[in-house]
Amino acid sequence: MGPLLLAATRRGLAQVVFHADERICRRALTRLEQYFGGPPVPEIPHLAAATAELAAYFAGELRSFTVPLDWSLTSGFNSRVLHALADGVPYGSVVGYQDLADRVGEPGAARAVGAAMGSNPLPVVVPCHRVVASDGGIGGFGGGLETKRLLLALEGVLPAPLF
Numbered sequence: 000m001g002p003l004l005l006a007a008t009r010r011g012l013a014q015v016v017f018h019a020d021e022r023i024c025r026r027a028l029t030r031l032e033q034y035f036g037g038p039p040v041p042e043i044p045h046l047a048a049a050t051a052e053l054a055a056y057f058a059g060e061l062r063s064f065t066v067p068l069d070w071s072l073t074s075g076f077n078s079r080v081l082h083a084l085a086d087g088v089p090y091g092s093v094v095g096y097q098d099l100a101d102r103v104g105e106p107g108a109a110r111a112v113g114a115a116m117g118s119n120p121l122p123v124v125v126p127c128h129r130v131v132a133s134d135g136g137i138g139g140f141g142g143g144l145e146t147k148r149l150l151l152a153l154e155g156v157l158p159a160p161l162f
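Sequential numbering from 0 applies to the sequence shown in numbering that gives the first Met the number 0.
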């Protein structure tokens, strides 16, 4: 998966950032500091819980996250879609973009669901990797298609890569 950057507030985990090299971390931390109005505080209790849960998930030992979430970085339609995803698409299953649009009462919004997935501030924990195309393809993923394939294989949806 590569390095992840986790950001949390006192309310819960607020962001998961893939491919968190030094440049990406600097950009993400600058945006978070502007949004939340202050510098990061390293000792937020939710960070330890999120780190432990993500490690257990990647080890194949966790199927459902319990760390509290801070949904501050999403709103409106995107928030509705992400909540429906988090609440209604369990480990080891997938949902189509159109089906997710239907679930939130917006049957013509399959493309907008794709945009909501791309804006997901909490990938893996809010499992946008479980949203797939209706034509049998795996669709897109902000963390990269190989990462999406690995996550789906971890959950048993796709066969594990041979190498």
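Quick reminder that beta carbons are idealized off the backbone N, C-alpha and C, glycines included. These numbers come from a predicted model, not from an experiment.
Tell me whether residue i sits in a helix, a strand or coil according to DSSP, three-state version.
{"i": "LEU12", "result": "strand"}
{"i": "VAL112", "result": "helix"}
{"i": "ALA159", "result": "coil"}
{"i": "VAL94", "result": "strand"}
{"i": "GLY107", "result": "coil"}
{"i": "ASN119", "result": "coil"}
{"i": "PRO62", "result": "Reading off the sequence shown, one finds Arg at residue 62, where the question assumed Pro. Coil at ARG62, not helix or strand."}
{"i": "THR73", "result": "coil"}
{"i": "ILE43", "result": "coil"}
{"i": "GLU52", "result": "helix"}
{"i": "GLU154", "result": "coil"}
Sorted by chain position, which residues of the same chain lie with C-beta nearer than 7 Å to residue i's C-beta, five sequence neighbours on each side aside?
{"i": "VAL80", "result": "LEU99, VAL103, VAL112 and ALA115"}
{"i": "LEU61", "result": "GLU52 and ALA55"}
{"i": "GLY59", "result": "LEU153"}
{"i": "VAL15", "result": "LEU3, LEU5, LEU121, PRO122, VAL123 and VAL124"}
{"i": "GLY91", "result": "GLU154, GLY155 and VAL156"}
{"i": "THR73", "result": "LEU81, SER118 and PRO120"}
State the beta-bridge partners of residue i as determined by DSSP.
{"i": "LEU4", "result": "VAL16"}
{"i": "LEU68", "result": "LEU12"}
{"i": "VAL183", "result": "Only positions 0 to 162 of the chain appear in the structure, and residue 183 is not among them; the question remains open."}
Identify, in the order they occur along the chain, each residue of the same chain with its Cβ nearer than 6 Å to the Cβ of residue i, setting aside the five sequence neighbours on each side.
{"i": "LEU31", "result": "ALA6"}
{"i": "PHE64", "result": "GLU52 and VAL124"}
{"i": "ARG10", "result": "ASP69"}
Leaving out the 5 sequence neighbours to the left and right, which residues in its chain are closer than 8 Å to residue i when beta-carbon positions are compared?
{"i": "LEU151", "result": "VAL93, HIS128, ARG129, ILE137 and LEU157"}
{"i": "ALA108", "result": "PHE76 and ALA100"}
{"i": "LEU144", "result": "ILE137"}
{"i": "THR8", "result": "PHE35, ILE43, HIS45, ASP69 and SER71"}
{"i": "PHE57", "result": "MET0 and LEU153"}
| 3 or more residues per run - each beta strand (DSSP E) lying fully within the stretch 124-148 | none
| query | So does the stretch 18-38 actually touch the stretch 130-137, counting three or more Cβ pairs closer than 8 Å? | reply | no
| said: Check whether the stretch 134-143 and the stretch 115-126 touch, using three or more Cβ-Cβ pairs below 8 Å as the test. | reply: yes
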